[in-house]
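First up is the structure itself, then whatever we jot down about it.
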Amino acid sequence: MRSITPLVAALLVGACTATVPNATPPGSQGSLPPDRAPQAQVGQLVADVARAVPAEAPVEETVDGLTAFGYELHDRIAEPSTNTVVSSFSIALAFGMARAGAVGVTAGEIDDVLHFAPDVHEALNTLEQGIVSRDDPPPLPDPGATRRPGAEPQPPIVAVANGLFVQQGVEVKRPFLEILASQYGAGVRVVDFGAGTAKPAIDAWVREQTAERIEKLFDQLPPETRVVLANAIYLKADWKVPFVKEPLTNGPFTLADGTVIDVAMMRRVDDLMRYAEGDGWQAVEIPYAGDELAMWVLVPERGGSPAELLAPSVLAEVETAMTDGVVELGLPRWDFATDLDLEPPMTDLGMEIPFEPAADFSGMTDLDLWIEQAVHRANITVDEWGTEAAAVTGLAFRVSGPPEPDVVVHADRPFAFVLRHTPTGAPLFIGQVADPTAE
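Taking my numbering, the leading residue of the sequence shown gets 13, the next gets one more, and so forth.
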């Protein structure tokens, strides 16, 4: 009998407009220039291109790229003593949309860091539509619902949404919008960043798409913001066999620094499960209801690094070595979130130009845009019944604001003045202001 009690568990879940103040009159879209899309008012959603039926685009290269990028990102953000959860799929979808508008070196750096294949848009569309279980936003959970040990597992919910939020009056190029609509299912939502109403609208979209597991995307959005690209992923899946047969028992959990704490452990005993073992690690696959999703729990040897088990070479070894066996599994419950500023790790990975004013997103709009903010938020809850998780990624593009002043002069104390004839320097009036309120 195999026995697995994780020190640290590593998670893998096998898993079109020119906006102007006045709306376009009905039936007038045919007269628009071919590189411009329909107009809309603030708050309207415009999408006149249907989502493409998934092509037979090969996804293996894209999946390999997601695996490699996820490991490289995790390697730069994870600390041995800190819980971490990220969705490389969510990040890839957001940057995939950005890639649709990127040109030259900007596009090349996105491709290199995300390991994007030449057909990345078609591949991501095929992959996304093969994974999702519903097109609508996920339902809100019932806080009063209770689960009984004999209850049947519910079908998994996997929902993915992509959004494009554009400043009113900004012209966005039709080819870019057609890619977003056909390959990412994203229409354009017209907002007003200058009026301060865009952030609440984006946050409402985030809450709707994550069943309120995530409350906001950005902490703030400056008025110079012109475009926001956003992705949201929500997952709720019951275990195929819940951890309810055996009672919760407290057991030791050894932290990275050697400290031993007491945690409640879920247990499955004498279950036939897929299991693998290699040099310095054990792994077990826990299937969810429907057998479309599974969690791999990867346990290093004592003193080993769980982060290293996310390396593509190790995961390939795990997949090859998986075999059926009777496993005794001990697993803690967990519930935590990770909030990331993506710019530092992405820059460290080699994506520099997209975050600089020199960026070229001219495939998106003629404005000189660059990514001012790249935010990722994710959370996960794992208990006896299954897993609920959500992630959002947001890219905020801005234009140059007023230049920073070289010096600051405030006449906030008594001062002198000279009204002079500039060509000759002759003083016409001179004086001082001791109290600007006195007459």
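Using N, Cα and C, we set each Cβ at its ideal position, and we do this for glycine too.
>> Assuming V239 and L381 are in contact, meaning their beta carbons sit under 8 Å apart, how far apart are those beta carbons, in whole angstroms?
In response: As a first step, residue 239 must be located in the sequence shown, where it is residue number 227. As a first step, residue 381 must be located in the sequence shown, where it is residue number 369. Sure, about 6 Å apart at Cβ, within 8 Å.
> Under 7 Å from any heavy atom of the ligand GTP, does the C-beta of G375 make it?
Replying inline: In the structure on display, the ligand GTP does not appear, and there are no ligands present to speak of.
> When the distance is taken between beta carbons, is Y300 closer than 8 Å to K257?
Replying inline: The count along the sequence shown starts at 1 and reaches residue 257 at position 245. The count along the sequence shown starts at 1 and reaches residue 300 at position 288. Contact flag unset, no.
> Can you tell which of N391, E224, F255, A288 has its C-alpha closest to the C-alpha of P155?
Replying inline: Along the sequence shown, one-based indexing puts residue 155 at 143. Checked all of N391, E224, F255, A288; the closest Cα to P155 is E224.
> If you drop the 5 nearest sequence neighbours on each side, which residues of the same chain put their C-beta closer than 7 Å to that of T79?
Replying inline: Reading the sequence shown from its first residue, position 67 is the one you call residue 79. Cβ within range, chain order: P324, L327.
> What distance in whole Å lies between the Cβ atoms of L85 and S100, which are believed to be in contact at a cut-off of 8 Å?
Replying inline: Taking the first residue of the sequence shown as 1, we reach residue 100 at position 88. Taking the first residue of the sequence shown as 1, we reach residue 85 at position 73. The pair is a contact, with the Cβ atoms about 6 Å apart (cut-off 8 Å).
> Along the chain, which unbroken stretches of the alpha helix (DSSP H) at least 4 residues long are found entirely within the segment 131 to 160?
Replying inline: 132 to 143
> When DSSP builds the beta bridges, which residues end up paired with F429?
Replying inline: The sequence position of residue 429 within the sequence shown is 417, counting from 1. F429 pairs with G443.
>> Please classify E368 as buried or exposed, where buried requires at least 16 other C-beta atoms within 10 Å of its C-beta.
In response: Indexing the sequence shown from 1 puts residue 368 at position 356. Exposed, since its Cβ has fewer than 16 Cβ neighbours within 10 Å.
>> DSSP three-state label for T335, please.
In response: Taking the first residue of the sequence shown as position 1, residue 335 is located at position 323. T335 falls in the strand class under three-state DSSP.
> Of all the options N243, V404, Q141, which has the alpha carbon lying nearest to the alpha carbon of R389?
Replying inline: Residue mapping note: residue 389 aligns to position 377 of the sequence shown, counting from 1. Residue V404 is the option with its Cα nearest to R389.
>> In the DSSP output, which residue or residues are listed as bridge partners for D353?
In response: Here residue 353 refers to the residue found at position 341 when the sequence shown is read from its first residue. For D353, which the question treats as bridged, DSSP gives the partners V387.
>> Within a Cβ cutoff of 8 Å, which residues of the same chain sit near I122, ignoring the five residues on either side of it in sequence?
In response: Along the sequence shown, one-based indexing puts residue 122 at 110. Excluding sequence neighbours, I122 sits near F107, A110, R111, A114, F128, M363, P366.
> Sorted by chain position, which residues of the same chain lie with C-beta nearer than 6 Å to T158's C-beta, five sequence neighbours on each side aside?
Replying inline: Counted from its first residue, the sequence shown places residue 158 at position 146. Counting only Cβ-Cβ distances below 6 Å, and skipping sequence neighbours, we find nothing.
> For A268, which residues from the same chain have a beta carbon less than 6 Å from its beta carbon, with the 5 sequence-adjacent residues on both sides left out?
Replying inline: As a first step, residue 268 must be located in the sequence shown, where it is residue number 256. Closer than 6 Å at the Cβ level, and outside the excluded window around A268, lie P92, S93.
>> Rounding to the nearest angstrom, what Cα-Cα distance links R432 and A438 in this structure?
In response: The residue given as residue 432 occupies position 420 in the sequence shown. The residue given as residue 438 occupies position 426 in the sequence shown. Using only the alpha carbons, I get a separation of about 5 Å.
> In terms of alpha-carbon separation, which member of R280, S145, V178, V65 lies closest to V202?
Replying inline: Position 190 of the sequence shown, counting from 1, holds the residue named residue 202. Closest option to V202, Cα to Cα, is V178.
> With a CB to CB cut of under 6 Å and the five nearest residues on each side skipped, what residues in its chain are close to G82?
Replying inline: On the sequence shown, position 70 is the one that residue 82 refers to. Answer for G82: S100, listed in chain order.
>> Suppose you measure from the CA of P318 to the CA of V311; what does that come to, to the nearest Å?
In response: The residue given as residue 318 occupies position 306 in the sequence shown. The residue given as residue 311 occupies position 299 in the sequence shown. Roughly 7 Å between the two C-alpha positions.
> Are the segment 275 to 284 and the segment 133 to 151 in contact at 8 Å, needing three or more beta carbon pairs?
Replying inline: no
> Does the beta-carbon distance from T138 to V75 come in below 8 Å?
Replying inline: By 1-based counting over the sequence shown, the position of residue 138 is 126. By 1-based counting over the sequence shown, the position of residue 75 is 63. Result no, Cβ atoms of T138 and V75 do not sit closer than 8 Å.
> For I169, which residues of its own chain have a beta-carbon under 8 Å away from its beta-carbon, when the five flanking residues on both sides are left out?
Replying inline: Here residue 169 corresponds to residue number 157 of the sequence shown, with the count starting at 1. Counting only Cβ-Cβ distances below 8 Å, and skipping sequence neighbours, we find S145, R146, P150, P151, Y246, L247, K248, A249.
>> For the alpha helix (DSSP H) containing I122, name the first residue and the last one.
In response: Counting from 1 along the sequence shown, the entry for residue 122 is found at position 110. Start and end: 116 to 126.
>> Pull the bridge partners of G275 from the DSSP assignment, please.
In response: Residue mapping note: residue 275 aligns to position 263 of the sequence shown, counting from 1. Contrary to the premise, residue 275 reads as Val rather than Gly in this sequence. The partner list for V275 (beta bridge, DSSP) reads G263.
>> Closest to P426 by C-alpha separation, out of V445, Q221, E340, would be which residue?
In response: For the purposes of this step, residue 426 is taken as residue 414 along the sequence shown, with counting starting at 1. Of the listed residues, the one whose Cα sits closest to P426 is V445.
>> Please return the same chain residues whose Cβ sits closer than 8 Å to the Cβ of D204, not counting the five positions on each side in sequence.
In response: Within the sequence shown, numbered from 1, the residue matching residue 204 stands at position 192. Cβ neighbours of D204 beyond the five flanking positions: V54, Q179, Q180, A210.
>> Going by beta-carbon coordinates alone, are F373 and F348 separated by less than 8 Å?
In response: In the sequence shown, counting from the first residue as 1, residue 373 sits at position 361. In the sequence shown, counting from the first residue as 1, residue 348 sits at position 336. Result no, Cβ atoms of F373 and F348 do not sit closer than 8 Å.
>> Tell me the residue span of the beta strand (DSSP E) that contains L85.
In response: Counting from 1 along the sequence shown, the entry for residue 85 is found at position 73. Looking at the DSSP string, L85 is not in any beta strand (DSSP E); the run it does join, the alpha helix (DSSP H), is 72 to 89.
> Starting from Q179 and walking both ways along the beta strand (DSSP E), at which residues does that stretch end?
Replying inline: Position 167 of the sequence shown holds residue 179. Residues 169 to 179.
>> F265 and P344 - do their beta-carbons sit closer together than 8 Å?
In response: Residue numbering aside, residue 344 sits at position 332 when the sequence shown is read from its first letter. Residue numbering aside, residue 265 sits at position 253 when the sequence shown is read from its first letter. Cβ distance < 8 Å, so P344 and F265 count as in contact.
>> Going by DSSP, what residue range makes up the alpha helix (DSSP H) through L192?
In response: Locating residue 192 in the sequence shown gives position 180, counting from the first residue. L192 -> alpha helix (DSSP H) spans 186 to 196.
>> Below 8 Å on the Cβ atoms is my contact criterion, and I expect V125 with M376 to pass it. Report the Cβ-Cβ distance as a whole number of Å.
In response: One-based indexing of the sequence shown puts residue 125 at position 113. One-based indexing of the sequence shown puts residue 376 at position 364. About 19 Å; that fails the 8 Å criterion.
>> Within a Cβ cutoff of 6 Å, which residues of the same chain sit near L260, ignoring the five residues on either side of it in sequence?
In response: Position 248 of the sequence shown holds residue 260. If we look at L260 and ignore the five residues flanking it on each side, its Cβ neighbours are A276.
> What first and last residue would you give for the alpha helix (DSSP H) that runs through G406?
Replying inline: Against the sequence shown, residue 406 aligns to sequence position 394. That residue, G406, is in no alpha helix (DSSP H); its beta strand (DSSP E) goes 398 to 410.
> With DSSP run on the structure shown, which of helix, strand or coil describes I214?
Replying inline: The residue labelled residue 214 in the question sits at position 202 within the sequence shown. Of the three classes helix, strand and coil, the one that applies to I214 here is helix, per DSSP.
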